[in-house]
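Mapping to numbering that gives the first Met the number 0: the sequence shown position 591 is 590, numbers consecutive. Before any comments, here is the structure.
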Amino acid sequence: MLRPALCLALAAGGFAALCTQVLLLRELMVAWRGNEMSFGVSLSVWLASTGAGGLIYGAVSRRVRFTPERLAGLLLTLGALGPLALWSARFTRIALGLPAGELAGLTHLLLAAAVSLVPFALTAGFAFSLGISLLAGPARRGATSIGWAYVLEATGAVAAGATMSFALLPHVSPSGIVLLSTSLCAAVALILWLSGTGAPRSRARLPLAALVVAVAAALTAVWAGDGIDDRSIEAQWKELGFRSQANSVYGRIVTTQFGSQRSVYESGVLVASHPDRLAAEESVHLTMLQHPHPRNALLVGGCLGGAVAEVLKPPRVEGVDCVELDPLLLTEAREQFGSFLSEGLDDPRVTVHHGDARFFVKRTGERYDVVLLAIPDPTTARLNRFHTSEFFAEISSVLASGGILGLSLSSSPNYVSDELADVLACVQRTLSLRFENVLLTPGDPCHFFAAGGEVELTRDPTVLAARVAERALDVVHIRDYYLFDRLSPARLTSFDEAIARAEPRVNTDLSPTCYYLSLVLWDRQLSVGRGLLAGAASVVNLQNALIAAVLIVAFVVAPAARGTWTRGGRGAWVRGRREDAARGTLRRSVFAAVFIVGLTEISLEMASLLAFQSIYGFVYDRVALIVAAFMGGLAVGGTIGRRLGDRGSVVGVFLALQAGITLVPVGLWLAVKAVAGLPPSALEAWSNAFPLLVVGSAVLAGVQFPLAAGLALRSDEEPGGFGGRLYGTELAGGAIGATLTGVFLLPILGFRGAMTALTLLN
Numbered sequence: 000m001l002r003p004a005l006c007l008a009l010a011a012g013g014f015a016a017l018c019t020q021v022l023l024l025r026e027l028m029v030a031w032r033g034n035e036m037s038f039g040v041s042l043s044v045w046l047a048s049t050g051a052g053g054l055i056y057g058a059v060s061r062r063v064r065f066t067p068e069r070l071a072g073l074l075l076t077l078g079a080l081g082p083l084a085l086w087s088a089r090f091t092r093i094a095l096g097l098p099a100g101e102l103a104g105l106t107h108l109l110l111a112a113a114v115s116l117v118p119f120a121l122t123a124g125f126a127f128s129l130g131i132s133l134l135a136g137p138a139r140r141g142a143t144s145i146g147w148a149y150v151l152e153a154t155g156a157v158a159a160g161a162t163m164s165f166a167l168l169p170h171v172s173p174s175g176i177v178l179l180s181t182s183l184c185a186a187v188a189l190i191l192w193l194s195g196t197g198a199p200r201s202r203a204r205l206p207l208a209a210l211v212v213a214v215a216a217a218l219t220a221v222w223a224g225d226g227i228d229d230r231s232i233e234a235q236w237k238e239l240g241f242r243s244q245a246n247s248v249y250g251r252i253v254t255t256q257f258g259s260q261r262s263v264y265e266s267g268v269l270v271a272s273h274p275d276r277l278a279a280e281e282s283v284h285l286t287m288l289q290h291p292h293p294r295n296a297l298l299v300g301g302c303l304g305g306a307v308a309e310v311l312k313p314p315r316v317e318g319v320d321c322v323e324l325d326p327l328l329l330t331e332a333r334e335q336f337g338s339f340l341s342e343g344l345d346d347p348r349v350t351v352h353h354g355d356a357r358f359f360v361k362r363t364g365e366r367y368d369v370v371l372l373a374i375p376d377p378t379t380a381r382l383n384r385f386h387t388s389e390f391f392a393e394i395s396s397v398l399a400s401g402g403i404l405g406l407s408l409s410s411s412p413n414y415v416s417d418e419l420a421d422v423l424a425c426v427q428r429t430l431s432l433r434f435e436n437v438l439l440t441p442g443d444p445c446h447f448f449a450a451g452g453e454v455e456l457t458r459d460p461t462v463l464a465a466r467v468a469e470r471a472l473d474v475v476h477i478r479d480y481y482l483f484d485r486l487s488p489a490r491l492t493s494f495d496e497a498i499a500r501a502e503p504r505v506n507t508d509l510s511p512t513c514y515y516l517s518l519v520l521w522d523r524q525l526s527v528g529r530g531l532l533a534g535a536a537s538v539v540n541l542q543n544a545l546i547a548a549v550l551i552v553a554f555v556v557a558p559a560a561r562g563t564w565t566r567g568g569r570g571a572w573v574r575g576r577r578e579d580a581a582r583g584t585l586r587r588s589v590f591a592a593v594f595i596v597g598l599t600e601i602s603l604e605m606a607s608l609l610a611f612q613s614i615y616g617f618v619y620d621r622v623a624l625i626v627a628a629f630m631g632g633l634a635v636g637g638t639i640g641r642r643l644g645d646r647g648s649v650v651g652v653f654l655a656l657q658a659g660i661t662l663v664p665v666g667l668w669l670a671v672k673a674v675a676g677l678p679p680s681a682l683e684a685w686s687n688a689f690p691l692l693v694v695g696s697a698v699l700a701g702v703q704f705p706l707a708a709g710l711a712l713r714s715d716e717e718p719g720g721f722g723g724r725l726y727g728t729e730l731a732g733g734a735i736g737a738t739l740t741g742v743f744l745l746p747i748l749g750f751r752g753a754m755t756a757l758t759l760l761n
């Protein structure tokens, strides 16, 4: 009975780990205003801590006797740490004195990730290694037990990802989910104890505690999970006047009211606020005034906050199409504030379309005089996809003859820093690839206008003021005094000179340059000195990546492998003279390979998450499924690797795997590029199959791990200690890969450059 209970415990550990990991990835993403860079930082902290737990077990395994009862205790501890991790992620910003909705720096993000993730991940890594030792048993089935533990943990993670994606996330609050995970851990801990731990009756407090926790957590999840979630989120937003919160597939929506100011946030980013008539007038009329007689318009985003009512004010406007990605935004705004934030939406000339604007633009047969992009700054991969060359090309195809595109980015009225100029120049350059005429106006925000060659765009305040008077617009702010001040000759000259000094770069779906430049600006504003990201942007390029790969091979991999094999007299590969030395160098080579493959695989997982966000925009909803697909590949690969290891010599298979993994990054780039180029109907269908792109690479990594154990494990070595060190090595590589790829390689080099760099490294 004990062995099945041990298998169940390892699977339960994997289930709890993935539940907690996914919830915290989502939570920290929301806390840091939807910034996907939080994925890289959070995964790095998670993997480093889990690996450290395995290494700690490896260091103490020879000196301490561990029993199944202690594994049950660790499982119960994991269950208790899950809710604490979730709630600490929510309260860390409060503890750091960071108001909700405001920018926070990279240091704060790292600290929040460490506080919420480290205790759980350390315990999980230690418990996994202990599980290996217990599975090995007195017979010391070393490599076999390591392979089994690897497969069981991955299988539990797959079950968690599938359950969360299809059953829990759509219907259960995050607090409810993590409490159900707690109940499962406690129940399995009880089963493990009852299956013959051999503990004396005097130590029967553990099963009683497990039973109480299992029942209490399950009842709390069912009856109070939603309430706990509301209270913990309310604490984050209390200073702004919290009213409600809801989770959609795109992020967490929060409504607030402070005095007469009513606001809606999504993933920490302000979507709309009322009253804010200046913002509503600016977002619409500065673009509408560029067109002599606008009759219809397309408004992308901005359906809340009064922009729709402003679009309807010009006398000849006959119709407005409003595309709002998230229908829950309108629902929450109407439920909480009535018509305050949704003014104009009930006008018969207005048609509201719910769905992704990129899919709408690809499918619509309409042609518009004006297209207004009321989208926040490209500070995330999700928002960046509305500022790319591909999207601007799609917009140009729906503009009528003489049509105009307008959008805006946060800026400064009088001083444009180098980092801000880089962002503005990037959008300007990207627009100029698709439109013959591109014009910028200074101020906060900075407005962009783009049109074909037949259109004459103007920054002459006299012309614009005359059009305001001609149309008899009912405006408070966009009048002659405002236009002459904003478009004064001195301000225009200073602004143009600042933009001219910037290096013009192009922003695309799979090379999100503007996203990274926005992060550099963010880091510079919140850092002392130049900032980490700005420094990285100046040194990270494909040439330097190649140099780094060569140096790693020359000074790390080659010295480790030297002397492992020597050529025999008849051309056969044979052992060197010093068997022990050769075994040691082989062992180091195996650990080096596991480290690099761990780095590569987590980098590919990060690449898949960011690619999905760039193409579809709702990774918040699919992160569990993508991670589960990755873990599923590891489980399948681990099963194959374990069976191959039982057949004897595996050096040739191990080398073939290394060769195969070398090709995977470029293969993933080609697959993602093919998906991004699909027509709309096929692209939508692929949103469900997209997670499968990570399965193939994960299978190869899964095969490698048991083979590595068989190659490097010594017969006199304690399996759990060795497994903990090998597991820790793989996760250490993964920790570096998550940050390296998610924070630097993908944003700076783009998808193609990042995947090429990984191939060179392998």
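Ideal Cβ placement from N, Cα and C applies to all residues, glycine included. In this text, all values refer to a predicted model and were calculated from it rather than measured experimentally.
Beta strand (DSSP E) segment containing residue i, residue limits
i: His352; result: Val349 to His353
i: Asn761; result: From DSSP, Asn761 is part of no beta strand (DSSP E); its letter is neither H nor E.
i: Val310; result: Per DSSP, Val310 belongs to no beta strand (DSSP E); it is in the alpha helix (DSSP H), Ala306 to Val310.
i: His446; result: Cys445 to Ala450
i: Cys184; result: Premise fails: Cys184 lies in the alpha helix (DSSP H), Pro173 to Leu193, not in any beta strand (DSSP E).
i: Cys321; result: Gly318 to Glu323
i: Asp368; result: Tyr367 to Leu372
Proximity to residue i [Cα-Cα], best of the options
i: Leu438; options: Ser431, Pro444 and Phe448; result: Phe448
i: Ala308; options: Asp473, Ser395, Glu152 and Phe391; result: Asp473
i: Ser262; options: Phe336, Ile176 and Ser410; result: Phe336
i: Asp715; options: Val519, Arg61, Val671 and Leu585; result: Arg61
i: Ser613; options: Val596, Ala111 and Leu745; result: Leu745
i: Val283; options: Leu298, Val270, Leu269 and Pro274; result: Leu298
i: Gly146; options: Leu643, Glu238 and Ala628; result: Leu643
i: Pro441; options: Gly651, Leu486 and Ser180; result: Leu486
i: Ala99; options: Gly749, His292, Trp236 and Val397; result: Trp236
i: Ala592; options: Glu334, Asp645, Val650 and Thr638; result: Val650
i: Leu83; options: Asp479, Leu706 and Leu22; result: Leu22
i: Cys794; options: Trp222, Leu669, Ala123 and Gly136; result: Residue coverage of the chain in this structure runs from 0 to 761, which leaves residue 794 outside it and unanswerable.
i: Tyr481; options: Gly224, Ala220, Gly727 and Glu280; result: Glu280
i: Phe653; options: Leu585, Leu691 and Ser680; result: Leu585
i: Arg64; options: Leu129, Pro118, Ala113 and Leu85; result: Leu129
i: Asp325; options: Glu317, Ile660, Val351 and Phe339; result: Val351
Endpoints, the alpha helix (DSSP H) within which residue i is located
i: Asn771; result: A question about residue 771 goes unanswered here, because the residues of the chain that appear run from 0 up to 761.
i: Asp508; result: Taken as a continuous stretch (DSSP letters only), Asp508 belongs to no alpha helix (DSSP H), as it is neither H nor E.
i: Ala399; result: Premise fails: Ala399 lies in the beta strand (DSSP E), Leu398 to Leu408, not in any alpha helix (DSSP H).
i: Leu269; result: No alpha helix (DSSP H) holds Leu269; the beta strand (DSSP E) holding it covers Val268 to His273.
i: Ile394; result: Ser388 to Ser395
i: Val360; result: Ala356 to Arg362
i: Leu75; result: Pro67 to Ala94
i: Ala8; result: Leu1 to Ala30
Inter-residue spacing [alpha-carbon to alpha-carbon] between residue i and residue j
i: Pro3; j: Val426; result: 58 Å
i: Gly567; j: Leu759; result: In this prediction, Gly567 has a pLDDT of 39, which is less than 50 and means its spatial position is unreliable; nothing more can be read from the coordinates.
i: Leu17; j: Leu699; result: 21 Å
i: Gly12; j: Leu189; result: 14 Å
i: Val5; j: Gly39; result: Residue identity check: residue 5 is Leu in the sequence provided, not Val. Between Leu5 and Gly39, the C-alpha separation is close to 32 Å.
i: Val626; j: Asn687; result: 13 Å
i: Ala399; j: Gly616; result: 27 Å
i: Pro718; j: Leu430; result: 59 Å
i: Phe14; j: Phe721; result: 23 Å
i: Arg724; j: Ser132; result: 13 Å
i: Ala8; j: Ala707; result: 24 Å
Integer Cβ distance of residue i from residue j, believed to fall under 8 Å
i: Gly736; j: Leu609; result: Their Cβ separation, rounded to whole angstroms, is 13 Å, which puts Gly736 and Leu609 out of contact at 8 Å.
i: Leu419; j: Ser410; result: 6 Å
Contact test: residue i Cβ vs the ligand SAH heavy atom, cutoff 8 Å
i: Pro503; result: Judged by which ligands are present, the structure shown has none, so any question about the ligand SAH falls away.
Inset, instruction - Spell out a yes or no on whether the stretch 727-742 and the stretch 70-86 are touching, meaning 3 or more CB-CB pairs, one atom from each, closer than 8 Å. - result: no
Legend entry - the stretch 83-95 touching the stretch 26-35, judged by at least three CB pairs closer than 8 Å: Cβ pair count under 8 Å is three or more, so yes.
Inset, instruction - Decide if the stretch 39-56 is in contact with the stretch 695-713; the criterion is three or more beta carbon pairs, one per stretch, under 8 Å apart. - result: no
Inset, instruction - Spell out a yes or no on whether the stretch 285-298 and the stretch 248-263 are touching, meaning 3 or more CB-CB pairs, one atom from each, closer than 8 Å. - result: no
Inset, instruction - Indicate whether the contact test is met: 3 or more Cβ pairs, each with one atom in the stretch 222-241 and one in the stretch 174-182, closer than 8 Å. - result: yes
Inset, instruction - Determine, using beta-carbon pairs with one atom in the stretch 632-643 and one in the stretch 125-138, whether at least three such pairs fall under 8 Å. - result: no
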